[in-house]
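Colleague: Before anything else, here's the structure in question.
Residue numbers (the UniProt record's numbering): 1 to 337.
As structure tokens, this is what we get:
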């Protein structure tokens, strides 16, 4: 059974199947609905329920508070209609870029770790794609389904950069890691995502990342160093062991060249027994001097890290509206949830 959901911004109604989320149906209908994690952790798809009823799947309490829920705010990625509904997504007043489809060619590919590939590509028409630092795109390789990958390059760069982790059972990521070569083509659709750099905020910037969550952080870092001179930036990169750390030398060099940038590679379980920074990244952050109250915090990576970081920084004094999250959930995890 399907229900009609009218979306005020698009002045149209879509059919949403029983058990299907409003966001999933909107995206399948080709609508540019705001979203990021699609798993109930980031709040990018906050929506006002104007009429009708929905059933919510589990979501992170930091993504949607009880007060908001009581006021009729829902998460489109977790809400399935149980009647005909009218909704309106909450709009961000920051600069937005209209998604477009671009044919791209791989210009460079390298294995940064045993399971992470760094892929660079250029648009076949030679143009630079406009996006906000921290956003992502949908990449579609020939014969494979689309997947979301964050930009690691600076906005406006002719060469785009993406970081791809090869996942067990991940058809697309394994293909890119094992078979993709320079000269291969793919279709890019984007940009999307709400965890992007807010340049209007004048306070310090704290980046907390794990795994390929480094990609959007690199885009934010590169843009900040180029356009916000003197802005205090601290990057905490959480990895399990030394072999999981990549871009370490590049980031150390960047921190040496820019006095306003500090890089903390935090190794949870170092094999060698030596690491400058070790243990749980959030416990490490709690024991150093950080200005949480005036900071913008961007956290990207595995859902567990993102959720824990959001709780930690709000407990330390960061306002919820100053915490932006991009939770990296695999396609298999999305299906299971």
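Just so it is clear, CB atoms sit at the ideal spot from N, CA and C, and this is done for glycine as well.
In this text, all values refer to a predicted model and were calculated from it rather than measured experimentally.
1. Does the separation of the CB atoms of residue 224 and residue 160 fall below 9 Å?
2. Is the segment 120-135 touching the segment 155-171, taking contact as three or more C-beta pairs under 8 Å?
3. Using a threshold of 9 Å, state whether the C-beta atoms of residue 248 and residue 266 are closer than that.
4. Report yes if the C-beta distance between residue 64 and residue 73 is below 9 Å; otherwise report no.
5. Can you tell me the Cβ-Cβ gap for residue 221 and residue 237, rounded? I've got them flagged as a contact below 8 Å.
6. Are the beta-carbon atoms belonging to residue 164 and residue 117 less than 9 Å from one another?
7. Let me know the secondary structure DSSP gives residue 270 once reduced to three states.
8. Which residues does DSSP pair with residue 149 in a beta bridge?
9. Exposed or buried, what is residue 335 when buried is set at 16 or more other beta-carbons lying within 10 Å of its beta-carbon?
10. In its own chain, which residues sit with a C-beta less than 8 Å from the C-beta of residue 317, not counting the 5 before and 5 after it?
11. Given residue 89, which residues of its chain have a CB within under 6 Å of its CB, disregarding the five upstream and five downstream residues?
12. Using 8 Å as the threshold, is the segment 296-304 in touch with the segment 252-270, meaning 3 or more CB pairs across them?
13. According to DSSP, residue 338 sits in a beta bridge with which residue or residues?
14. Pairing CB atoms from the segment 182-199 with CB atoms from the segment 317-328, are three or more of them under 8 Å?
15. Taking C-beta to C-beta, are residue 25 and residue 15 nearer than 9 Å?
16. So, is residue 183 buried or exposed, given that buried needs 16 or more other C-beta atoms within 10 angstroms?
17. For residue 171, report the span of its beta strand (DSSP E) as first-last.
18. So, helix, strand or coil for residue 253, using DSSP?
19. Work out the CA separation of residue 312 and residue 22 for me, nearest whole Å.
20. CA-CA distance, residue 254 and residue 261?
21. On the premise that residue 85 lies in contact with residue 3, defined as a C-beta separation below 8 Å, what is that separation, rounded to the nearest angstrom?
22. Anyone know if the C-beta pair for residue 246 and residue 112 falls short of 9 Å?
23. Would you tell me roughly how many angstroms separate the C-alpha atoms of residue 174 and residue 146, rounded to the nearest one?
24. Mapping DSSP to helix, strand and coil, what is residue 333?
25. Do you know whose CA, among 251, 69, 208, 219, lies nearest residue 418's CA?
26. Buried or exposed: residue 50, going by 16 or more other Cβ atoms within 10 Å of its Cβ?
27. Have a look at residue 70 and residue 1 and give me their C-alpha separation to the nearest angstrom.
28. So, is residue 320 buried or exposed, given that buried needs 16 or more other C-beta atoms within 10 angstroms?
29. I need the boundaries of the beta strand (DSSP E) containing residue 12, first residue and last residue.
30. Could you check where the beta strand (DSSP E) with residue 182 kicks off and where it finishes?
31. Can you tell which of 178, 301, 198, 243 has its C-alpha closest to the C-alpha of residue 227?
Modeller: Let's see:
1. Indexing the chain shown from 1 puts residue 224 at position 224. Indexing the chain shown from 1 puts residue 160 at position 160. No; because the gap between Cβ atoms is not below 9 Å, this pair is not in contact.
2. yes
3. Mapped onto the chain shown, residue 248 falls at position 248. Mapped onto the chain shown, residue 266 falls at position 266. For residue 248 and residue 266, no; Cβs fall outside 9 Å.
4. What you label residue 64 is simply residue 64 of the chain shown in a count that begins at 1. What you label residue 73 is simply residue 73 of the chain shown in a count that begins at 1. Going by C-beta atoms, residue 64 is nearer than 9 Å to residue 73.
5. On the chain shown, residue 221 is found 221 positions in, with the first residue counted as 1. On the chain shown, residue 237 is found 237 positions in, with the first residue counted as 1. Going by Cβ atoms, the distance from residue 221 to residue 237 rounds to 11 Å, so no, they are not a contact pair.
6. Indexing the chain shown from 1 puts residue 164 at position 164. Indexing the chain shown from 1 puts residue 117 at position 117. Yes, the Cβ-Cβ distance between residue 164 and residue 117 is below 9 Å.
7. In the chain shown, residue 270 corresponds to position 270, counting from 1. If DSSP states are grouped into helix, strand and coil, residue 270 belongs with coil.
8. Counting from one through the chain shown, the residue named residue 149 turns up at place 149. In DSSP, residue 149 forms a bridge with 137.
9. Start at 1 with the first residue of the chain shown, and residue 335 comes out as number 335. Residue placement at residue 335 is poorly supported in this model, since its pLDDT is 44, which falls under 50; the coordinates are not used for a value here.
10. The residue labelled residue 317 in the question sits at position 317 within the chain shown. Answer for residue 317: 292, 293, listed in chain order.
11. Counting from one through the chain shown, the residue named residue 89 turns up at place 89. So the list reads 34, 47, once near-sequence residues are dropped.
12. no
13. This structure cannot speak to residue 338, because the chain is shown only from 1 to 337.
14. yes
15. Locating residue 25 in the chain shown gives position 25, where the first residue counts as 1. Locating residue 15 in the chain shown gives position 15, where the first residue counts as 1. Their beta carbons are under 9 Å apart, which means residue 25 touches residue 15 by this criterion.
16. Along the chain shown, one-based indexing puts residue 183 at 183. With fewer than 16 other Cβ atoms within 10 Å, it is exposed.
17. As a working mapping, residue 171 is identified with position 171 in the chain shown. No beta strand (DSSP E) holds residue 171; the alpha helix (DSSP H) holding it covers 171-178.
18. Within the chain shown, the letter at position 253 stands for residue 253. Correct three-state label for residue 253: helix.
19. Locating residue 22 in the chain shown gives position 22, counting from the first residue. Locating residue 312 in the chain shown gives position 312, counting from the first residue. Cα-Cα distance, rounded: 30 Å.
20. Within the chain shown, the letter at position 254 stands for residue 254. Within the chain shown, the letter at position 261 stands for residue 261. Distance between the alpha carbons of residue 254 and residue 261: 8 Å.
21. Taking the chain shown and counting its residues from 1, the one referred to as residue 3 is at position 3. Taking the chain shown and counting its residues from 1, the one referred to as residue 85 is at position 85. Right, the Cβ-Cβ distance comes to about 7 Å (below 8 Å), so this counts as a contact.
22. Here residue 246 corresponds to residue number 246 of the chain shown, with the count starting at 1. Here residue 112 corresponds to residue number 112 of the chain shown, with the count starting at 1. Yes, these two residues count as a Cβ contact at 9 Å.
23. On the chain shown, residue 174 is found 174 positions in, with the first residue counted as 1. On the chain shown, residue 146 is found 146 positions in, with the first residue counted as 1. About 14 Å.
24. As a position in the chain shown, residue 333 is number 333, starting the count at 1. With a pLDDT of only 49 at residue 333, under 50, the local geometry of the prediction cannot be trusted, and the value read off the model is given with reservation. Residue 333: helix per DSSP, three-state reduction.
25. As shown, the chain starts at 1 and ends at 337. That puts residue 418 outside it, with no answer to give.
26. Translated into the one-based positions of the chain shown, residue 50 becomes position 50. Classification of residue 50: exposed, given that the 10 Å Cβ count is below 16.
27. For the purposes of this step, residue 70 is taken as the residue at position 70 of the chain shown. For the purposes of this step, residue 1 is taken as the residue at position 1 of the chain shown. Spanning the two alpha carbons is a distance of roughly 27 Å.
28. Along the chain shown, read from residue 1 onward, the residue named residue 320 stands at position 320. Answer is exposed; the Cβ neighbour count stays below 16.
29. For the purposes of this step, residue 12 is taken as the residue at position 12 of the chain shown. Taken as a continuous stretch (DSSP letters only), the beta strand (DSSP E) holding residue 12 covers 12-17.
30. Your numbering for residue 182 matches position 182 in the chain shown. No beta strand (DSSP E) holds residue 182; DSSP gives it neither H nor E.
31. For this step, residue 227 is matched to residue 227 along the chain shown. Checked all of 178, 301, 198, 243; the closest Cα to residue 227 is 198.
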